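Since the structure comes first, as structure tokens, the remarks are kept for the end.
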Amino acid sequence: MITKETKKAIPSDIEIAQRADMKPIVEIAAQLGLTEEDVELYGKVKAKIAPGVWNRIKTRTDGKLILVTAISPTPAGEGKSTVTVGLGQALNRIEKKAVVALREPSLGPSMGIKGGAAGGGYSQVLPMEDINLHFTGDFHAVTSAHNAISAVIDNHIHQGNRLQIDPRRVVWKRVMDLNDRALRNVVVGLGGKAHGMPREDGFDITVASELMAILCLAADLDDLKERIGRILVAYTFSGKPITVAELGVAGAATLLLKDALRPNLVQTLENTPAFIHGGPFANIAHGCNSLMATRFALKLSEYTVTEAGFGADLGAEKFLHIKSRIGGLRPDVAVIVATVRALKMHGGVPKDRLKEPDVEALGRGMTNLERHAETMANFGLPFVVALNRFHTDSAEELEALERWCREKGFPFALCEVWEHGGAGGEALAREVVRLTESGENRFQFLYETDQPIRSKISRIARSVYGASGVTYTPQAEKQIAECEANGWGELPICMAKTQYSLSDDPALLGRPEDFTLHVREVRPSVGAGFLVALTGDMLTMPGLPKKPAALDMDIDKEGRVYGLF
């Protein structure tokens, strides 16, 4: 049981990570049946999977696929990545061969307010400092490839504009992997004729780049190049779409991503193999780790435990409608992570009073969990509610939540992987195994891609968010018509929405009812293979908080890192 005393006794995440006994990555690879020739080393404890391995294993039968999702996130914390790592460790403890598959953290939130994405306590992936910083350079490769395309666009315009690109309709922004609100809207090409044609531009965060989405959805190098070639970058003066292939830079961009495409192999604190690869945000992109890493994990293990970003309304919906559809995946079980603290916030309790027991507020907040559970049921996917326990949870609150789950018929498991590692997740692991063997999986999509664009958006809004309707700005209406005219109408939908609410208003917590979803833009991501519907005030370049996490970070003369969570 987690008490205040044990909470104080447990070191910080970085202290736990720095004391960990990591195995050489070749030994972790050997647990998967891989040889030294099958991995390309990045030091002693990190590696990429070498080319050619897939051809040897692709005919193997897939293991079970476990999707970890959560309730709508709050500042109180849910611990979805921690539960994902802990569940993988727990499955191995009960003698199931398991692998964890996660996204790479972005420097933006790592140095901003959200923190990293390597788990926590005694359920972390290692080396956490590397994973939360530059890791194997995948994000830098995406940034470079993306901005290389930007440079070619402006150079093409400067050098005579053979393709007749309308500078007012360049839709390919630049990117960087940091939060910087000052770069959302900029002007490039100033300084006279020699410096290019002035035009309005802007920056997105790297994880919002279509190249990041493509990296995570590509089946192989050829597919990567083909998808990059289809990227829409601009329109001509007459309204014709211009692609990367027409610019002639698809090959160069692919070249910059050739190493980034290979999945990264690391380990957890308990030496469970972990693939950490790719990192699209779930509130502005599809929010899942790479398809290649997931496929490798499925072929090399009995159980693959992967997560999708934020709540089930965002990451899980996109995992199921986009990644599963494109990759031919069929998840076996979903895990919905919840905490008493977060549910009380959804019930109206302010953050500074979460330590006080409040069963009534907990009951009000359970409606948010119920909405996400209904979403998984709508997909026909068996699920279990994993209560990630905090030391402030009272016995009455824990009993109330478990009783409520029983009354609703929701499978339930108490999870203490933050304090106890895999040992604290064995009950959850056994429930997951039971559900995979139950024969209850009736997985289905909630919409078909050949439905009209508005119909697909409405289906998500009503069946996943609980909206009563959808409205569109004139700009969005025009963009929908343009997408349909250009033959992009049958692409799936990637909703860009606040993570904090089921609605597009971050202030509406719990389970909002009788609300309207507001779609302001519909942007085609033709290379990735989906249409992005931006709702509410969703931004694709975040800003830093008043006190960024970066202010607490430091390194001493011995190279020891401090302040990284």
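Each position in the sequence shown, counted from 1, maps to that position plus 2 in the numbering used here. By construction, the Cβ of each residue, glycine as well, lies at the ideal position given by its N, Cα and C atoms. Small disclaimer: the values here were computed from a predicted structure and weren't measured.
* Asked: Under a three-way DSSP split, which group does residue 534 fall into?
  -> Strand at residue 534.
* Asked: Is the Cβ-Cβ distance between residue 201 and residue 191 less than 7 Å?
  -> It is a contact, given that the beta carbons lie within the stated cut-off.
* Asked: Does the distance from the C-beta atom of residue 107 to that of residue 501 stay below 7 Å?
  -> Against a cut-off of 7 Å, the Cβ pair of residue 501 and residue 107 comes out as no contact.
* Asked: If you compare alpha carbons, which of 51, 362 and 363 is closest to residue 35?
  -> For residue 35, the closest alpha carbon among the candidates 51, 362 and 363 is that of 51.
* Asked: Can you give the Cα-Cα distance for residue 60 and residue 329, rounded to whole angstroms?
  -> 13 Å
* Asked: Which full runs of the beta strand (DSSP E) of 3+ residues lie inside the region 390-444, going along the chain?
  -> 414-417
* Asked: If we ignore side chains and look at the alpha-carbon of each, how far apart do residue 275 and residue 263 end up?
  -> Rounded to the nearest angstrom, the two C-alpha atoms are 19 Å apart.
* Asked: Do the CB positions of residue 469 and residue 517 come within less than 7 Å of each other?
  -> yes
* **Close Cβ partners of residue 187 (< 6 Å) along its chain, the five nearest in sequence each way excluded** => Correct list, in chain order: 204.
* Asked: Among the residues of its own chain, which have a CB less than 6 Å from the CB of residue 454, if the five just before and after it don't count?
  -> none
* **Beta carbon of residue 220 nearer than 7 Å to that of residue 226** => yes
* Asked: Shortest alpha-carbon distance to residue 66 belongs to which of 554, 417, 242 and 439?
  -> 439
* Asked: If you check the beta carbons only, do residue 482 and residue 535 fall under 7 Å apart?
  -> no
* To do: Scan the region 234-297 and note each continuous alpha helix (DSSP H) run of 4 residues or more that stays entirely inside, going in chain order.
  => 246-249 and 252-259
* **Close-in-space but distant-in-sequence residues of the same chain around residue 493 (CB under 7 Å, 5 per side omitted)** => Shown here for residue 493: same chain residues with a beta carbon closer than 7 Å to its own, the five before and five after excluded, namely 451, 531, 532 and 533 in chain order.
* Is the beta carbon of residue 291 sitting closer than 7 Å to the one on residue 103? -> yes
* Asked: How is residue 126 classed by DSSP in three states: helix, strand or coil?
  -> If DSSP states are grouped into helix, strand and coil, residue 126 belongs with the strands.
* Spatial distance of residue 126 from residue 426 (CA atoms) -> 13 Å
* Report yes if the C-beta distance between residue 506 and residue 538 is below 7 Å; otherwise report no. => yes
* If you follow the beta strand (DSSP E) that residue 452 is part of, which residue opens it and which one closes it? -> Residue 452 -> no beta strand (DSSP E), and no H or E assigned at all.
* To do: Return yes when the Cβ of residue 413 is within less than 7 Å of the Cβ of residue 386, no when it is not.
  => yes
* How close, in whole Å, do the beta carbons of residue 325 and residue 288 come, if the pair is a contact with beta carbons under 8 Å? -> Indeed they touch by this definition, with Cβ atoms about 6 Å apart.
* Asked: Which stretch, first to last residue, makes up the beta strand (DSSP E) that contains residue 1?
  -> Residue 1 is absent from the model: the chain starts at 3 and stops at 567.
* **The alpha helix (DSSP H) enclosing residue 198, as first and last residue numbers** => Per DSSP, residue 198 belongs to no alpha helix (DSSP H) and is neither H nor E.
* Which residues mark the beginning and the end of the alpha helix (DSSP H) in which residue 153 is found? -> 140-160
* With C-beta atoms as the reference, is residue 70 less than 7 Å away from residue 409? -> The answer is no: Cβ separation not under 7 Å.
* **Span separating the alpha-carbon of residue 271 from that of residue 12** => 15 Å
* Given residue 356, which residues of its chain have a CB within under 8 Å of its CB, disregarding the five upstream and five downstream residues? -> 78, 343, 346, 347 and 394
* To do: Verify whether the separation of the beta carbon atoms of residue 206 and residue 122 is less than 7 Å.
  => no
* Is the beta carbon of residue 301 less than 7 Å from the beta carbon of residue 62? -> yes
* Asked: Around the C-beta of residue 37, are 16 or more other C-beta atoms found within 10 angstroms, so that it is buried, or is it exposed?
  -> exposed
* To do: Return the bridge partner residues of residue 314 from the DSSP annotation.
  => Answer by DSSP bridge pairing: none, since residue 314 is not bridged.
* Does DSSP put residue 191 in a helix, a strand or coil? -> coil
* To which residues of the same chain is residue 285 closer than 8 Å at the C-beta, ignoring the five residues directly before and after it? -> Leaving aside the five residues that flank residue 285 on each side, the residues in its chain whose CB is nearer than 8 Å to its CB run, in chain order, 311, 312, 316, 498, 499, 500, 501 and 540.
* **Contact check, residue 166 vs residue 238, beta carbons under 7 Å** => yes
* Based on the DSSP output, what are the partners of residue 526 in its beta bridges? -> 533
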